[in-house]
Each structure stands twice: as C-alpha cells, then as structure tokens.
Ligand code: HEM
Ligand SMILES: *[C@@H]1O[C@H](CO)[C@@H](O)[C@H](O)[C@H]1NC(C)=O
Ligand SMILES: *[C@@H]1O[C@H](CO)[C@@H](O)[C@H](O)[C@H]1NC(C)=O
Ligand SMILES: *[C@@H]1O[C@H](CO)[C@@H](O)[C@H](O)[C@H]1NC(C)=O
Ligand SMILES: *[C@@H]1O[C@H](CO)[C@@H](O)[C@H](O)[C@H]1NC(C)=O
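Residue numbers (the numbering used here): 144 to 468.
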C-alpha cells in the first residue's frame, strides 16, 4: 500500500470507530434547545422543594430505562394498544416513581423547544442535575437519545436485577449490558439516597433462607432498628432509608455502611460480604475515598447512559413521554 492509501485507510477506520462509540454528545441540543439545562434545572429545583426524594426516584427511572433495551424512554410509556407498560413489571410496580416530574420537565421543554428533546434524555440530564444538587459529582451528560415506540414488560421483569439475587446473578445482568464489577459497585452507590419498602429486604430480618435466623451479614443493632420498622407480618409497603447514616445526601457513606454490615438490601451487603468477590476491594476503595467514588460514579453513569441508544432516524421524539406519537 502507498503511504497515501494507508493514511486514507486510517482516516476511514478512525471515522468508523468514532461514530460507533460517540453516537451521543454533550452539545447535541446546543443549537436546537440552547437553554435545555437551565429549563430542566428550574423544574427540578421546584420539585425538590416538594419531594426531597425526587432525585432518587428519577435516577432509578434512568437505570430501569437503560437496562431494558437501552436508554430509550421505554419505562415512561403507559399501557395502550400494543403496549404492556414497564410500569407494571415486577421491579417497577408500586415502586418506580417520579413520572409526574418527568411530565413537568417535558411540558416546560415543549413550551420552549417543541418536538426537540427526547424523554430518554430528560431522564439522563435530570439525574445528573439532581445528583449534583444532593452533593454528588457533576459530569458532562451525553445527549441525543431518541424515544422508543414500544415497551418491553417481559424484558423489565428479567433484565433488571432483583434485591433477592446472588452477587453472581446481579453481576451477570450488569455484564449483559456491558457494565463490569467497578460499574456495579459505583452505581450501587446511588443507594446513598432514597428509600426502600420493607417487602424488598424483610426476608433478611427473621427467617433468612429458611435458617430460622436473620441474615448473618446484618449488624445486630441495625437489625433491631429494621425489625421495628418492619415487624414480622407487618406492612410490606412501610419505607426506610437506603442509607441510614446520611439519608438524603449523595456521599460515600453507603460504602462505609457496607463495611459496618449496615447495607439495607441483600444485594447491597453482598458487594462487601461475599467471600472472595472482586467487589470487596472496590467497596473498600470507595469507602476510603469519596473522590474516587465520585470519579467512578460519573464514568459509570455515562457508560450506563450509553447502553443501546436509539439515534439517527430510529425511534422518535415523543411529544408526551407517556405515549408514542
Ligand atoms: C445492583 C442492583 C440493584 C438492585 C437489586 C436494586 C434494587 C433496588 C430496590 C429493591 C429498591 C427499593 C424499591 C422499593 O422498595 O420500592 C431500590 C431503590 C433505589 N435504587 Fe436501586 N437497585 C440496584 C441498582 C441501582 C442502580 C444502578 C441505581 C442508579 C444508578 C439505583 C438507584 C436506586 C435509588 C436512587 C433508589 C431509591 C428510590 C426511591 O427513593 O424511590 N439502584 N433499588
Ligand atoms: C434561558 O432560561 C433562563 C432562565 O430560565 C432565562 O432567564 C433566559 O432568558 C433563557 N434564555 C433563552 C435564550 O431563552
Ligand atoms: C411481569 O411481571 C409482572 C409482575 O410479576 C406480571 O404481572 C406480568 O405478567 C409480567 N409480564 C410479562 C410480560 O412477563
Ligand atoms: C440465579 O440465576 C439462575 C439462572 O437464571 C437462577 O436459576 C437462580 O435461581 C438465581 N439465583 C439467585 C439466588 O437469584
Ligand atoms: C423458617 O422457614 C422454614 C420454611 O418455611 C420453616 O420450616 C421454619 O419453621 C421457619 N423457621 C422459623 C424459626 O420460623
């Protein structure tokens, strides 16, 4: 090959490579909706006044959206002809929340830049703004996702990890979407804020795995507190803080909690208490350094946000996040 054709080959190879990894970019709406982030910020600042949990709710929606056929807003669709809503899937039913605020953001955006900003991108950008408002890291949000015309309820039932799974099963569900153990530990750190219902952890409190005893990886004082919140046979919908030490702040206390056997969900504590697991050292690193947690959290959020986006002419920009156009 002549030097010229080598150069041309390298040029085309690098173009191909960059288009396959950089489908999204931070400047996507700079000309079409220049005020995007200040509009979203305005709505979520109002929402936090009414509901200190809204950041937790919206980042969880983003996670449950991305794990089911990619970050395409599919979780936001209501039941309709040909649509079995993901809202009624096992991980979301009577649990996923914040949809009203997504609608408020969408309305505010439609007023200024109609038909431009996708619902999938609303989840990504509002998650970042709310994490940073709670004291967490900032990062450059990748944008340009389009919205699905379908939901996948069966996929939501099987692809989103359950709080009763083994670490190896949870890891497999992360691996299936291209996320590794570091991503798993970093992203689990989102349980530094928000709440969980008794029904998702009470299996640990009384007769764990039919042993007649509580989960041995649960601190006894913390166990006592949780038993008061969730008496045996009591209301499964009662809620408690995922992070007992700083319930609403975004910090690395989640990881020190795990070191102290004060992880709330079985799947939280497994990251630290599973003998020989590669997640143990990562928990220790993030417990020792908040900045290391923040750096990795930001990286992993971008990675999760890059799961199979719809771009180009695929999908659509929904006018109402709850239904296809
Ligand atoms: C690793 C596997 C994970 C499992 C098994 C899991 C499971 C759960 C469960 C069972 C709840 C409580 C739901 C309820 O009681 O209604 C919850 C809440 C929450 N999850 Fe996860 N989660 C995981 C990973 C993640 C990730 C990756 C994120 C975000 C990056 C996240 C963000 C949240 C937040 C913020 C809440 C609190 C929501 C609220 O207050 O409404 N979780 N999670
Ligand atoms: C952008 O939003 C801010 C605050 O909502 C407002 O003050 C400003 O005028 C807006 N700019 C444009 C170009 O719409
Ligand atoms: C998903 O799980 C829910 C709740 O367990 C169930 O009602 C629904 O039928 C399941 N949907 C599919 C498509 O498997
Ligand atoms: C792990 O996944 C396997 C295969 O899907 C399943 O049979 C098993 O019940 C799961 N175990 C746990 C503890 O979740
Ligand atoms: C724990 O559950 C198993 C299986 O349901 C049952 O046989 C056993 O009696 C229970 N133990 C206690 C102490 O409740």
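C-beta atoms are modelled at their ideal positions from N, C-alpha and C, and glycine is treated no differently. The structure presented is a predicted model; accordingly, all values stated were derived computationally and were not measured.
Heavy atom of ligand 5 within 7 Å of residue i beta-carbon
i	result
residue 376	no
residue 355	yes
Residue i beta carbon near ligand 1 (any heavy atom closer than 7 Å)
i	result
residue 202	yes
residue 325	no
residue 372	no
residue 339	yes
residue 390	no
residue 238	yes
residue 428	no
residue 257	no
Cβ neighbours of residue i in the same chain (closer than 7 Å, five flanking residues each side left out)
i	result
residue 448	209, 214, 267 and 285
residue 228	220, 221, 222, 294 and 296
residue 164	With a pLDDT of 47 at residue 164, under the threshold of 50, the modelled position of that residue is not reliable, and the figure given next carries that caveat. Around residue 164: no qualifying Cβ.
residue 430	395, 398, 399 and 402
Proximity of residue i and residue j at Cβ, strictly below 8 Å
i	j	result
residue 187	residue 202	no
residue 436	residue 332	yes
residue 211	residue 312	no
residue 248	residue 261	no
residue 347	residue 327	no
residue 251	residue 336	no
Contact set for residue i: own chain, Cβ-Cβ below 6 Å, skip 5 residues either direction
i	result
residue 281	275
Extent of the continuous alpha helix (DSSP H) to which residue i belongs
i	result
residue 363	363–372
residue 325	324–331
residue 422	422–431
residue 316	310–318
Residues of its chain near residue i, where Cβ-Cβ distance is below 8 Å and the 5 sequence neighbours each way are ignored
i	result
residue 319	302
residue 421	324
beta-carbon residue i near ligand 3 non-hydrogen atom, thresh 7 Å
i	result
residue 296	yes
residue 395	no
residue 235	no
Terminal residues of the beta strand (DSSP E) in which residue i lies
i	result
residue 339	338–340
residue 384	382–384
Fill in: For ligand 4, residues whose Cβ lies under 6 Å from any non-hydrogen atom
Counting every residue whose Cβ lies closer than 6 Å to a heavy atom of ligand 4, we get 308, 309 and 312.
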